[in-house]
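K.L.:
Structure provided below as structure tokens; questions to follow.
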Amino acid sequence: IEIPLDVTPKPYDTSALSHEMPPKPQAEDQVIAKAIEFLQSSKTPVIIAGGGAKRASASIQMLAEYCDAPVVQTVNARGVLHHHPLSVPASPSLNAVKKLIEAADVVLALGTEFGQTDFDMYATDTMPQIKKLIRVDIGADQLTTTPDALAIHGDVDEVLRRLLAEMADAPKDGDGAARAEKARDDAFDEIGDDMRHLSHFLDEIREACPNAIMVGDSAQPIYAGNLYYDHDRPAGWFNAATGFGALGYAIPAAIGAAIADPEADVICITGDGGAQFSLPELMVAKQEDLNITFIIWNNHGYQEISTSMQAVGVEPIGCDPKPPLFEDIAKAYGIPFQRCDHIKGATKTAINLAKQSTGPSMIEVVETGKTKA
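Quick note: the sequence shown uses the working numbering, first residue 1362, plus one each step.
This is the structure:
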């Protein structure tokens, strides 16, 4: 934002500013009734939860159990159904998850834009083909992109509460958990060895620091997590590895999260290349004594960019910048430092040590050759 210097000293009137939120749209009764009809007659329902559903965790669980419906979570919805038999914490871009969605006789989509970065991240032009779609979104413009869907304009949590209150039939007892388990197993198998190792790495971080806010840059563990990772906190997994994949995002974003929720543990995962875009922000975390553990995934370069260039037959150029000495950087900023030369066990130990001190800390995970987990 640029403001001319002759404008900045001018007086302004704050009384005209309004911070009132507009009223939430209220879904029409007949649309709610039609959605209930679809769900109660369904034999193989599936729920897709998007970022607009991340504040409706309890309602999603209740409706999923009532309908016996697996719940597929996009990147921004991870954590809404942690460690639940009906949870599918995997990208709908994976063939296994697409298969689950396409086999459903009714799909209830909650707060998702059906964007390419979630549903077609491999750019294959193969969005899942849905037989009967119920779509809930607070944005009226979003609902116009799927004209064949039963559109419910409203807040996800409020709509789900209305559906639950007005459903008459008894909860279903079917194969929802079995369908979810198969989708989970097949999706985890589909992502391959390297991504599975990195997903386990994220699991280890979660176990060492439960209920944390995990913020990511465009680093290999984050790409893996976006494919498959079951976070334990709604709205606690977000990153820049979708869309344009902005580098340098994680450090300042983690600072913002720590300021917004001072009681939360914040985990920042960034690559050695991405970290160098915003290293000076570390002093903000130190000066404000923010509770952030900065995990530097050091694979000596821009591995994702290199892999993408190779995939289209281009010789990688400029993808191997020399990383700085992160221990010295941490010392310069007065931040406690730990290095892990092997992932398994070491990261968990390092995080536990970091948690013994207040304020920010840094853990460097040195990845050499094939990922070990």
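We treat Cβ as the ideally placed atom computed from N, Cα and C, and that holds for glycine.
For the alpha helix (DSSP H) holding R1557, just list the boundary residues, first then last.
P.N.:
1553-1569 is the span of the alpha helix (DSSP H), which, as asked, contains R1557.
K.L.:
Taking Cβ to Cβ, would you say A1417 is nearer than 8 angstroms to L1521?
P.N.:
Their beta carbons are under 8 angstroms apart, which means A1417 touches L1521 by this criterion.
K.L.:
In the structure shown, what three-state DSSP assignment does Q1717 receive?
P.N.:
Three-state result, Q1717: coil.
K.L.:
What did DSSP end up calling Y1663 once you bin it into helix, strand or coil?
P.N.:
Coil at Y1663, not helix or strand.
K.L.:
Taking a contact to mean a Cβ-Cβ separation below 8 angstroms, would you say E1463 touches Q1434 in this structure?
P.N.:
Against a cut-off of 8 angstroms, the Cβ pair of Q1434 and E1463 comes out as no contact.
K.L.:
Does the segment 1438-1458 touch the segment 1404-1421, meaning 3 or more C-beta pairs lie closer than 8 angstroms?
P.N.:
Cβ pair count under 8 angstroms is three or more, so yes.
K.L.:
For N1437, I'd like the list of residues in its chain whose CB is within less than 7 angstroms of its CB, leaving aside the five on either flank, ordered along the chain.
P.N.:
Result list for N1437: G1411, G1412, K1415, F1599, in chain order.
K.L.:
Just how far apart, CA to CA, sit A1484 and Q1477?
P.N.:
Answer to the nearest angstrom: the Cα atoms are 7 angstroms apart.
K.L.:
Indicate the three-state DSSP secondary structure (helix, strand or coil) for I1364 in the structure shown.
P.N.:
Three-state result, I1364: coil.
K.L.:
How is F1638 classed by DSSP in three states: helix, strand or coil?
P.N.:
Correct three-state label for F1638: coil.
K.L.:
Between the alpha carbons of A1711 and R1523, how many angstroms are there, rounded?
P.N.:
Distance between the alpha carbons of A1711 and R1523 is about 46 angstroms.
K.L.:
Using DSSP bridges, identify the partner residues of R1700.
P.N.:
The partner list for R1700 (beta bridge, DSSP) reads E1725.
K.L.:
Using 8 angstroms for Cβ pairs, my map puts G1515 next to I1499. What's the rounded Cβ distance?
P.N.:
Confirmed, about 7 angstroms.
K.L.:
Note down, in chain order, each residue of its chain lying with its Cβ closer than 7 angstroms to the Cβ of V1467, except the 5 sequence neighbours on either side.
P.N.:
Closer than 7 angstroms at the Cβ level, and outside the excluded window around V1467, lie F1399, L1400, S1403, P1406, K1493, I1495.
K.L.:
Could you check if A1691 is buried or exposed, using at least 16 other CB atoms within 10 Å of its CB as the buried criterion?
P.N.:
With 16 or more other Cβ atoms within 10 Å, it is buried.
K.L.:
Which runs of the beta strand (DSSP E) spanning at least 3 residues fall entirely within the segment 1473-1559, listed in chain order?
P.N.:
The qualifying runs are 1494-1498, 1511-1514.
K.L.:
Per DSSP, S1448 is paired with what?
P.N.:
DSSP, once it has assigned bridges, lists V1432 as partnering S1448.
K.L.:
Provide the residue(s) that pair with Y1589 in DSSP beta bridges, ordered along the chain.
P.N.:
Looking at the DSSP assignment, Y1589 forms a beta bridge with A1451.
K.L.:
For D1530 and C1428, I'd like the C-alpha separation in whole angstroms.
P.N.:
Roughly 10 angstroms separates the two Cα atoms.
K.L.:
In angstroms, rounded to a whole number, what distance separates the CA positions of V1627 and D1550?
P.N.:
For V1627 and D1550, the distance between alpha carbons rounds to 30 angstroms.
K.L.:
Restricting to Cα atoms, I'd like to know which of E1568, H1661, A1451 is closest to F1687.
P.N.:
With distances taken between Cα atoms, F1687 lies closest to H1661.
K.L.:
Within the same chain, show all residues whose beta-carbon is closer than 8 angstroms to that of L1525, passing over the 5 residues directly before and after it, in chain order.
P.N.:
Excluding residues within five positions, the ones whose Cβ falls inside 8 angstroms are S1420, M1423, L1424, Y1427.
K.L.:
Should N1304 go down as buried or exposed, given a rule of 16 or more other Cβ atoms within 10 Å for buried?
P.N.:
In the structure as shown, the chain starts at 1362 and stops at 1734, and residue 1304 therefore has no counterpart that could be examined.
K.L.:
Using a 10 Å radius around the Cβ and a threshold of 16 neighbouring Cβ atoms, would you call A1621 buried or exposed?
P.N.:
So A1621 counts as exposed.
K.L.:
Three or more C-beta pairs closer than 8 angstroms, one from the segment 1579-1594 and one from the segment 1639-1646: is that the case here?
P.N.:
The answer is no - the segment 1639-1646 does not touch the segment 1579-1594, with fewer than three Cβ pairs under 8 angstroms.
K.L.:
Could you pull out every residue in the same chain whose Cβ sits closer than 7 angstroms to the Cβ of I1696, ignoring the five residues on either side in sequence?
P.N.:
Contacts found: L1643, K1647, P1721, S1722, M1723.
K.L.:
How about H1592 and M1575: are their beta carbons less than 8 angstroms apart?
P.N.:
A contact, by the Cβ cut-off of 8 angstroms.
K.L.:
Using DSSP with H/G/I as helix, E/B as strand and the rest coil, what is N1600?
P.N.:
Three-state DSSP puts N1600 in a strand.
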